Amino acid sequence: MDDPRAMYSGLLIILLPLIIGYLLPFRSAAQQRKINRLLSAMVYIILFFMGMNLAFLDDLSHNLLAILHYAVVSIIAILTCNVLALRLLEKYQSWTHQHNQEKLPSRLHMALESLTLLAVVLAGFLLGLTAWPPLQFASQASEYALILLLFLVGTQLRSSGMTVRQIMLNRHGMTVAMVVCVSALIGGAVAAWLLGLPLKTGLALASGYGWYSLSGILMTEAFGPVIGSAAFFNDLLRELIAIMLIPGLMQQHRASALGLCGATSMDFTLPVLQRTGGIEIVPAAIVHGFVLSLLAPVLIALFSS
Numbered sequence: 002m003d004d005p006r007a008m009y010s011g012l013l014i015i016l017l018p019l020i021i022g023y024l025l026p027f028r029s030a031a032q033q034r035k036i037n038r039l040l041s042a043m044v045y046i047i048l049f050f051m052g053m054n055l056a057f058l059d060d061l062s063h064n065l066l067a068i069l070h071y072a073v074v075s076i077i078a079i080l081t082c083n084v085l086a087l088r089l090l091e092k093y094q095s096w097t098h099q100h101n102q103e104k105l106p107s108r109l110h111m112a113l114e115s116l117t118l119l120a121v122v123l124a125g126f127l128l129g130l131t132a133w134p135p136l137q138f139a140s141q142a143s144e145y146a147l148i149l150l151l152f153l154v155g156t157q158l159r160s161s162g163m164t165v166r167q168i169m170l171n172r173h174g175m176t177v178a179m180v181v182c183v184s185a186l187i188g189g190a191v192a193a194w195l196l197g198l199p200l201k202t203g204l205a206l207a208s209g210y211g212w213y214s215l216s217g218i219l220m221t222e223a224f225g226p227v228i229g230s231a232a233f234f235n236d237l238l239r240e241l242i243a244i245m246l247i248p249g250l251m252q253q254h255r256a257s258a259l260g261l262c263g264a265t266s267m268d269f270t271l272p273v274l275q276r277t278g279g280i281e282i283v284p285a286a287i288v289h290g291f292v293l294s295l296l297a298p299v300l301i302a303l304f305s306s
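Be aware that the sequence shown starts at 2, since it is given in the numbering used here, and climbs by one per residue.
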């Protein structure tokens, strides 16, 4: 049986920085811009540390194949369950709106923006292979970086201006978020069965909802670099797939287009959603991303304890 003290301490480490950040009133536009820049920098720093920790693995070639295997199987299982559930939702709850899609940047250009994150992980990995003595502190440094990241995420959530009333009143955003949440967990359970992993590991893998920087580092802390790296690639693949499919899905399958984005619908994929689905989809996208961004760290901490 799991030690409840370990579970509560893990939740506290996740929630306390988030809550403190959310409670601090950073209201000016200048402060918010500084926080957003720092948050972007922290994402790259944490991914760099993750790459270094990956380089410290024993039997490296075997583990890299395991990471790829875990990531591919989990993303297929999770997205399949998401799409089936979202199509079922669309069957019983129609959500159509006429909007002429604006001209988008090339999908390759948008995908390359995500792939720069892979380059950061690779750079950390290559540095880790040098076995430079100061790198032994990379694991501890990544823990402190995670705490700062969570604090900044809390401030960013506060600056989004969403209230509980606004969230509850946006039926489409809330409904799609709940469907994505539950169906992803079902997909995680299926992935755990296919991969021969413990159920809680599969559920934790499914709880990132596309938030690769957070899920990668949290899962690395809880399960080690192999599962942590698999979580990162699983969630990064979700974002890349969403970018590719949103324009084609938007007119006839709006819920599916939104649900594929996961937590990124309130930031990275929001411009794509707006330009293909119109301004009407923006409130739903923000609520959807906000809810999943709140759930992700809590569920990962619960399933990782």
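From the three backbone atoms N, C-alpha and C, an ideal C-beta is built for every residue, glycine too.
Given the structure is predicted, the values throughout are model-derived calculations rather than measurements.
Whose C-beta lies closer than 7 Å to the C-beta of residue i among residues of the same chain, with five residues either side of it excluded?
i, result
"Leu25", "Thr156"
"Pro46", "Reading off the sequence shown, one finds Ile at residue 46, where the question assumed Pro. Only Ala146 meet the Cβ criterion."
"Trp194", "none"
The alpha helix (DSSP H) with residue i in it runs from where to where?
i, result
"Gly260", "Arg255 to Cys262"
"Glu222", "Tyr213 to Phe224"
"Gly174", "Arg172 to Leu196"
"Phe57", "Per DSSP, Phe57 belongs to no alpha helix (DSSP H) and is neither H nor E."
"Leu130", "Unbroken run through Leu130: none, as it is neither H nor E."
"Pro199", "Element bounds for Pro199: n/a, residue is neither H nor E."
"Ser306", "That residue, Ser306, is in no alpha helix (DSSP H); it is neither H nor E in DSSP."
Pick helix, strand or coil for residue i, following the three-state DSSP scheme.
i, result
"Pro26", "coil"
"Pro135", "helix"
"Asp268", "coil"
"Gln94", "coil"
"Tyr210", "coil"
"Gly155", "helix"
"Glu240", "helix"
"Gly52", "helix"
"Met251", "coil"
"Glu144", "helix"
"Gly278", "helix"
"Ile21", "helix"
Here's a check: name, in chain order, each residue in its chain whose Cβ is nearer than 6 Å to the Cβ of residue i, leaving out the five neighbours to either side.
i, result
"Leu219", "Ile301"
"Ala86", "Val180 and Ser184"
"Gly229", "Gly217, Met220 and Thr221"
"Phe234", "Ala72"
"Leu186", "Leu204 and Ala207"
"Phe138", "none"
Are residue i and residue j touching if we call contact CB-CB under 8 Å?
i, j, result
"Pro298", "Ile148", "no"
"Tyr210", "Gly263", "yes"
"Val177", "Gly260", "yes"
"Val154", "Met51", "no"
"Ile79", "Gly225", "no"
"Tyr1", "Leu237", "Residue 1 lies beyond the residue range present for the chain, which begins at 2 and ends at 306; the question has no answer from this structure."
"Met267", "Ala286", "yes"
"Leu128", "Met43", "no"
"Leu206", "Ala232", "yes"
"Phe152", "Gly290", "no"
"Glu144", "Glu222", "yes"
"Ala192", "Val74", "yes"
"Leu295", "Cys182", "no"
"Gln125", "Phe49", "In the sequence on display, residue 125 carries Gly and not Gln. Yes. Within cutoff."
"Arg88", "Ser257", "yes"
"Ile247", "Thr202", "no"
Should residue i be counted as a contact of the ligand COA given a C-beta to heavy atom distance under 7 Å?
i, result
"Lys201", "Among the components modelled here there is no ligand, and therefore nothing to report on the ligand COA."
For a cutoff of 8 Å on Cβ pairs, would you count residue i as touching chain C?
i, result
"Gln157", "The structure shown contains no chain C; it is built from a single protein chain."
Could you name the residues of the same chain whose beta carbon sits closer than 8 Å to that of residue i, not counting the 5 residues immediately before and after it, in chain order?
i, result
"Leu196", "His70, Tyr71, Val74, Ser75 and Gly203"
"His254", "Leu87, Arg88 and Glu91"
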